[in-house]
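Chains A and B supply the protein sequences, listed in that same order. The first sequence begins at 24 in the numbering used here and counts up one residue at a time. The second sequence begins at 11 in the numbering used here and counts up one residue at a time. Think of the CB as a built atom: it goes at the ideal place given N, C-alpha and C, for glycine as much as any other residue.
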Amino acid sequence: MTGETPLISARQLGAVFDVSKPWLNRMLALEAKQYLTAVDMVDIDIPKGKTFALVGESGSGKSTIGRMIVGLQKPTSGQVLIDGEDFFAISSEKKKMAMRRRIQMIFQSPYASLNPRWRVRHIIGEPIRAFDLLPASEVDGRVAELLDQVGLAKSDGEKFPHEFSGGQRQRIAIARALASNPEFIVCDEPTSALDVSVQSQVLNLMKSLQRELGLTYLFISHDLSVIRYMADEIGVLYLGRLVEVADRDTLFDKPRHPYTRMLMDAAPHIDAFGRTAEIVKGEIPDPINKPSGCSFHPRCTLTEEICRRDRPEVREFGTEKARVACHLCAD
Amino acid sequence: MLRPVDRVGFEVRAGEILGLVGESGAGKSMCGSAIIGLIDRPGRISGGEIALDGERIDNLPEDRLRRIRGKRIAMVFQDPLTSLNPLMTVGQQLIQTIRTHLPVSSGEARDRAIALLEEVGIPAAATRIDAYPHQFSGGMRQRVVISLALAAEPELIIADEPTTALDVSVQAQIMALLKKLCRERGTAVILITHDMGVIAESTDRVAVLYAGRIAEIGPTRNVLSTPSHPYTKGLMASTPSTTGTMHALSQIPGSMPNLRAIPKGCAFNPRCEKAFSVCFKDIPILEPVDGSEVACWLYDPAVNPETKEISGVSE
Ligand SMILES: Nc1ncnc2c1ncn2[C@@H]1O[C@H](COP(=O)(O)OP(=O)(O)OP(=O)(O)O)[C@@H](O)[C@H]1O
Ligand SMILES: Nc1ncnc2c1ncn2[C@@H]1O[C@H](COP(=O)(O)OP(=O)(O)OP(=O)(O)O)[C@@H](O)[C@H]1O
Ligand code: SF4
Ligand SMILES: [Mg+2]
Ligand SMILES: [Mg+2]
Chain A
24 MTGETPLISA
34 RQLGAVFDVS
44 KPWLNRMLAL
54 EAKQYLTAVD
64 MVDIDIPKGK
74 TFALVGESGS
84 GKSTIGRMIV
94 GLQKPTSGQV
104 LIDGEDFFAI
114 SSEKKKMAMR
124 RRIQMIFQSP
134 YASLNPRWRV
144 RHIIGEPIRA
154 FDLLPASEVD
164 GRVAELLDQV
174 GLAKSDGEKF
184 PHEFSGGQRQ
194 RIAIARALAS
204 NPEFIVCDEP
214 TSALDVSVQS
224 QVLNLMKSLQ
234 RELGLTYLFI
244 SHDLSVIRYM
254 ADEIGVLYLG
264 RLVEVADRDT
274 LFDKPRHPYT
284 RMLMDAAPHI
294 DAFGRTAEIV
304 KGEIPDPINK
314 PSGCSFHPRC
324 TLTEEICRRD
334 RPEVREFGTE
344 KARVACHLCA
354 D
Chain B
11 MLRPVDRVGF
21 EVRAGEILGL
31 VGESGAGKSM
41 CGSAIIGLID
51 RPGRISGGEI
61 ALDGERIDNL
71 PEDRLRRIRG
81 KRIAMVFQDP
91 LTSLNPLMTV
101 GQQLIQTIRT
111 HLPVSSGEAR
121 DRAIALLEEV
131 GIPAAATRID
141 AYPHQFSGGM
151 RQRVVISLAL
161 AAEPELIIAD
171 EPTTALDVSV
181 QAQIMALLKK
191 LCRERGTAVI
201 LITHDMGVIA
211 ESTDRVAVLY
221 AGRIAEIGPT
231 RNVLSTPSHP
241 YTKGLMASTP
251 STTGTMHALS
261 QIPGSMPNLR
271 AIPKGCAFNP
281 RCEKAFSVCF
291 KDIPILEPVD
301 GSEVACWLYD
311 PAVNPETKEI
321 SGVSE
């Protein structure tokens, strides 16, 4: 990463959930409390105007990281710095509000996040009113502008969410996210529920808005092909740990972590007719009782004694400065 | 009356995997359900016929159909839990299915069940056979469902998005398993998915569905690498890839029509940049084009490619 101060940085971010059974059950079965480490010492830096993408299989901690970064969930350990400031350390309500305005989130299911009883005009205008950004008389004009920006018509503002297709609803969610003039948007699987022809419309829209408005994105997806299209830099998550961080071309040209390589091989390729991917052993283990040492060791083809014993530290490789957490990665 | 699926025709041969691909609401699941006779009332098959090994099965009485379903045709769904009984062990379910369809003793059925679980890659099958579905992981459950589908040694398996709920690493395992079983046992498979990558790697032939009709059907490599139908072309150009050079994704304007408002003529006409006069009047039928079959007026022999006029035939 270059010398500039990142807009967003996560420092040693951790999230632990208490997943114990109710007290009485525990006493009867003589069970100890149980904890699930969903996010484990994650470091992320996102320079202004860039897209950092998080990729990983289900349960790897992508959404939890997203929620902590937008301030929806307090980290158990570590901190999130926005322009050098820790959201959870701000005491003044007014400053908190000002910080909230700068950060928005877009979710996988646009329907669940849009109030079905509100007209679209009202939904998109809500953040403008909530943050008191414009005089009431100017809100409608701004909403029309936002609708235009995401490729919808002014008249669409009079309709309700159910009158739109999935792709159009995601456009509405994007317009609402843009309403507060944010600098940074966390996009949690924004196109996973959409068909490919519609997905490409939404991805292209997000890219052009980024260019126009200088937006910074944290882009979350389990789909490597979508990640490749959107990302400047990519972080690969496995069981809550970032196992590899590299810029896009480095990651795709030279994946270094055995898990990254496995993911790339397992992802179906549209031009690999009749190919059968290398079979990977096993499935993602129980996150409550993670394997010792490197969490990937039971599925890895390289595993040695040290992998079972020690947790691999993150090390830097190559001129590209790829960061990899693997004992056996050599270059 | 709604026609979620309209005049769809295809064949699957023994040992072959036919893909049905298309976007949400295209009618993929409906095609699968029509074949196995599972369409919920008041839905019905309003025309056409379905034949298994040359024998018509769409007009059979319910009890005969039920025997074919499960015995000669089996189904695998996206969510393995819909096919498994949570109150019975995996072994009980397998043994029951085996004994319904094959004349074997319960001891023999149990041996067969263990062999099946081994075949689909369940470790320690002899002990795991007595576990309940919730004691398996998502991928292992889908393996169990596949073993259940195989239990009666069917000729055709219809797999409706069998890996959509699974992680990619597990998806790769399940697809490898389905391919292997299909080849080794000579079972025909209809694989329903919206994922072009899965289609490319796993199917021999593919039918691209749009608004309930086949837009293009042919050998998979043909259809995906040299698509002819404007919809297939658009679909391929808007699919991001993990390999190859990076280029801007093109997009197809609009979205798939609502069933209640399927456009007159070619259903794709509002989204098609090539659409011309006939496209708005008549439904194109499948015609051979470069080794595939394509339903698009652009390729109709009666249409003059220069003037876009229909010669000879009158309407
Ligand atoms: N509120 C919670 N209480 C307990 N455990 C939780 C909670 N939220 C998340 N988890 C657990 O934390 C882990 C990470 O979950 P998270 O939702 O961040 O994963 P994800 O990578 O977003 O997965 P997906 O791809 O399925 O969306 C999972 O094991 C999940 O079960
Ligand atoms: N019971 C029903 N009654 C009326 N219409 C139905 C019924 N079931 C499905 N449909 C409609 O039939 C069309 C085809 O549905 P189908 O489920 O076959 O689509 P699909 O291609 O499998 O989509 P997906 O990828 O979302 O599973 C859809 O427009 C759907 O809304
Ligand atoms: S028939 Fe016409 S509208 Fe339909 S795909 Fe072909 S050119 Fe386009
Ligand atoms: Mg998530
Ligand atoms: Mg379906």
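Item to check | Residues sharing a beta bridge with Tyr240 of chain A, DSSP | outcome: A:Thr74 and A:Ile208
Next on the checklist: I'd like to confirm something about Phe278 of chain B: is its beta-carbon nearer than 7 Å to some heavy atom of ligand 3, or not?
Outcome noted: yes
Next on the checklist: Between Arg334 of chain A and chain B, is the shortest Cβ-Cβ distance under 8 Å, so that the two count as touching?
Outcome noted: For Arg334 of chain A, the answer is no, since every Cβ of chain B falls outside 8 Å of its Cβ.
Next on the checklist: Could you give the first and the last residue of the continuous alpha helix (DSSP H) run that contains Phe340 of chain A?
Outcome noted: Careful: Phe340 of chain A lies outside any alpha helix (DSSP H), inside the beta strand (DSSP E) at Arg338 to Phe340.
Checklist entry - Would the beta-carbon of Gly301 of chain B fall within 8 Å of that of Pro237 of chain B? => result no
Checklist entry - Between Glu108 of chain A and Ala348 of chain A, what straight-line distance do the alpha-carbon atoms span, to the nearest angstrom? => result 28 Å
Next on the checklist: Counting only beta-carbon separations shorter than 8 Å, does Arg231 of chain B have a partner in chain A?
Outcome noted: yes
Checklist entry - Given that Ser220 of chain A touches chain B, what residues does it touch there, using C-beta distances under 7 Å? => result Glu33, Gly244, Leu245, Ser248, Gln261 and Ile262
Next on the checklist: If we define contact as Cβ-Cβ less than 8 Å, is Arg338 of chain A a contact residue for chain B?
Outcome noted: At least 8 Å separates the CB of Arg338 of chain A from every CB of chain B.
Next on the checklist: Can you confirm whether Arg298 of chain A, when its beta carbon is compared against all beta carbons of chain B, has any partner nearer than 8 Å?
Outcome noted: yes
Checklist entry - Name the chain B residues whose beta carbon is nearer than 8 Å to that of Ser81 of chain A? => result Those within 8 Å of Ser81 of chain A in chain B are Asp177.
Next on the checklist: His350 of chain A and Cys323 of chain A - do their beta-carbons sit closer together than 8 Å?
Outcome noted: no
Checklist entry - Does any CB atom of chain A fall closer than 8 Å to the CB of Glu171 of chain B? => result no
Checklist entry - What are the partner residues of Thr60 of chain A, as DSSP defines its beta bridges? => result A:Val39
Item to check | Proximity of Pro208 of chain B and Ala289 of chain A at Cβ, strictly below 8 Å | outcome: Note that residue 208 of chain B is Val in the sequence shown, not Pro. Taking 8 Å as the Cβ cut-off, Val208 of chain B and Ala289 of chain A do not qualify as a contacting pair.
Next on the checklist: Using only the alpha-carbon positions, how far apart do Gly258 of chain A and Asp292 of chain B sit?
Outcome noted: Distance between the alpha carbons of Gly258 of chain A and Asp292 of chain B: 51 Å.
Checklist entry - For the candidate residues A:Met122, A:Ala61, A:Pro139 and A:Ser115, whose alpha-carbon lies nearest to that of Asp106 of chain A? => result A:Met122
Next on the checklist: I want to check one thing, is the minimum distance from the CB of Ala36 of chain B to the heavy atoms of ligand 3 below 7 Å?
Outcome noted: No.
Checklist entry - Just by C-beta distance, which residues in the region 247-261 of chain A are closer than 8 Å to chain B? => result Leu247, Ser248, Val249, Arg251 and Tyr252
Next on the checklist: Using 8 Å for Cβ pairs, my map puts Val130 of chain B next to Ile105 of chain B. What's the rounded Cβ distance?
Outcome noted: Val130 of chain B to Ile105 of chain B, Cβ: 16 Å. No contact.
Checklist entry - For chain B, is any of its Cβ atoms less than 8 Å away from the one on Ser223 of chain A? => result Flagged as an interface residue toward chain B: Ser223 of chain A, by a C-beta distance shorter than 8 Å.
Item to check | Rounded separation between Gly25 of chain B and Asn312 of chain A - CA only | outcome: Taking the straight line from one Cα to the other gives about 42 Å.
Next on the checklist: Applying the 10 Å Cβ sphere with the 16-neighbour rule, what's the burial state of Pro263 of chain B?
Outcome noted: exposed
Checklist entry - Which runs of the alpha helix (DSSP H), 4 residues or longer, sit entirely within the region 222-308 of chain B? => result With a minimum length of 4 residues, the continuous alpha helix (DSSP H) runs that stay inside the region 222-308 of chain B are 230-235 and 240-247.
Checklist entry - What residues come near ligand 1, if near means a beta carbon less than 6 Å from any of its heavy atoms? => result A:Phe40, A:Val42, A:Leu59, A:Ala61, A:Gly79, A:Ser81, A:Gly82, A:Ser83, A:Gly84, A:Lys85, A:Ser86, A:Thr87, A:His245 and A:Pro310
Next on the checklist: So, at 7 Å on beta carbons, what are the nonlocal neighbours of Asn95 of chain B in its own chain, with the 5 sequence-adjacent residues on each side left out?
Outcome noted: Cβ neighbours of Asn95 of chain B beyond the five flanking positions: Gln103.
Checklist entry - Which residues, taken in chain order from the region 137-171 of chain B, show a beta carbon closer than 9 Å to some beta carbon of chain A? => result Listed in sequence order: Ser147, Gly148, Gly149 and Met150.
Next on the checklist: Does Gln191 of chain A come out as helix, strand or coil in the three-state DSSP assignment?
Outcome noted: helix
Checklist entry - Rounded to the nearest angstrom, how far is the Cβ of Ala197 of chain B from that of Ile184 of chain B, given a contact under 8 Å? => result Before going further, note that residue 197 of chain B is Thr rather than Ala in the sequence given. The pair is not a contact, with the Cβ atoms about 15 Å apart (cut-off 8 Å).
Next on the checklist: By alpha-carbon positions, which one of B:Ser260, B:Pro267, B:Ala258 and B:Thr252 ends up nearest to Arg271 of chain A?
Outcome noted: B:Thr252
Next on the checklist: Just to confirm the assignment, what range does the alpha helix (DSSP H) spanning Val166 of chain A have?
Outcome noted: Ala159 to Gln172
Item to check | Option in A:Thr299, A:Met253, A:Pro213 and A:Ile146 with minimal Cα separation from His185 of chain A | outcome: His185 of chain A has its Cα closest to that of A:Ile146, out of A:Thr299, A:Met253, A:Pro213 and A:Ile146.
Item to check | Neighbour flag for Gly237 of chain A against chain B, beta carbons, 8 Å | outcome: Gly237 of chain A does not count as touching chain B.
Checklist entry - Helix, strand or coil: which one does DSSP assign to Thr25 of chain A? => result A caution first: Thr25 of chain A carries a pLDDT of 49, below 50, which makes its placement in the model unreliable, though a value can still be read off. Thr25 of chain A falls in the coil class under three-state DSSP.
Checklist entry - Ala61 of chain A CB to nearest chain B CB: under 8 Å? => result Judged by the 8 Å Cβ criterion, Ala61 of chain A is not in contact with chain B.
Checklist entry - From the DSSP output, which residues share a beta bridge with Ile320 of chain B? => result B:Val313
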